[in-house]
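Q: Residue numbers (the numbering used here): 152 to 391.
(1) Any idea which residues DSSP pairs residue 290 with across the strands?
(2) Counting pairs of Cβ atoms below 8 angstroms between the region 377–384 and the region 231–238, do you hit three or more?
(3) Taking residue 344 as the reference, give the member of 207, 202, 226 with the closest Cα.
(4) Do residue 349 and residue 317 count as a contact pair if the criterion is CB distance below 8 angstroms?
(5) What are the partner residues of residue 310, as DSSP defines its beta bridges?
(6) Quick one: is residue 198 buried, meaning 16 or more other Cβ sit within 10 Å of its Cβ, or exposed?
(7) If you run the structure through DSSP and keep just helix, strand and coil, what is residue 315?
(8) I need the boundaries of the beta strand (DSSP E) containing residue 218, first residue and last residue.
(9) Residue 183: which of 287, 303, 339 sits nearest, CA to CA?
(10) With a cut-off of 8 angstroms on the beta carbons, I'd call residue 347 and residue 387 a contact; round off their distance for me.
(11) Less than 8 angstroms between the CB atoms is what I'm expecting for residue 224 and residue 259, so what's the real figure, rounded?
(12) Suppose the cutoff is 7 angstroms on Cβ atoms and the five residues either side in sequence are ignored; what does the same chain contact list for residue 206 look like?
(13) Where do the N-terminal and C-terminal ends of the alpha helix (DSSP H) with residue 175 fall, by residue?
(14) Assuming residue 313 and residue 303 make a contact with CB atoms under 8 angstroms, what is their CB distance in whole Å?
(15) Label residue 279 either buried or exposed according to how many other C-beta atoms from any shown protein chain fall within 10 Å of its C-beta, with 16 as the threshold for buried.
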């Protein structure tokens, strides 16, 4: 018999399906992402951007020590949401795969190839006993041979390609705003402004401009760049 919660102990095993076909441990990992830092990603003909607002658990913390956006390769970067330590392991794996591809084929890896490899590893941690799912999701941007790219991973092992997307706390509200304002022909600056507006409108607290972070890949030079804090702050303060 199922207990009062309807789980009947099925949430104690990673590899055991409930009668409803659910894997509760994987669902818990998804909840971890939904409680994580909100990350915004947008792509268009001019390139792709990422935006986040760092959260400090203590006023004594050094903001420079908090990393929510990472460079993965010269043309690829990602933002993370969920358990930070889990994300760090996946970012390191992604970086190694970029170098393996470069050494093997003497060319930059396509983002779809990289994300698929990463998703394969994540999926393995949903079907073997003695491990737990990764409690994090990654949002990647790149400009590769296929043009500007925006892709995400999930603790389930699934991955998607997006025009604009949000992961983390208040993601549904953020996605609604993105859907209403998305323009594939927007400039990089306009995409940055839209991302900052989304962060501002969905935040439960007033944003600290010095804790905002933006990264982008321009479709022309295909280089991943994390924007200087001063530039991001000025752009945020210019919003209407």
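Glycine included, every Cβ here is placed at the ideal spot set by N, Cα and C.
Model, not experiment: these values are computed from the prediction.
A: The relevant details are as follows:
(1) 230, 303
(2) no
(3) 202
(4) yes
(5) 304
(6) buried
(7) strand
(8) Unbroken run through residue 218: none, as it is neither H nor E.
(9) 287
(10) 5 angstroms
(11) 6 angstroms
(12) 188
(13) 175–185
(14) 7 angstroms
(15) exposed
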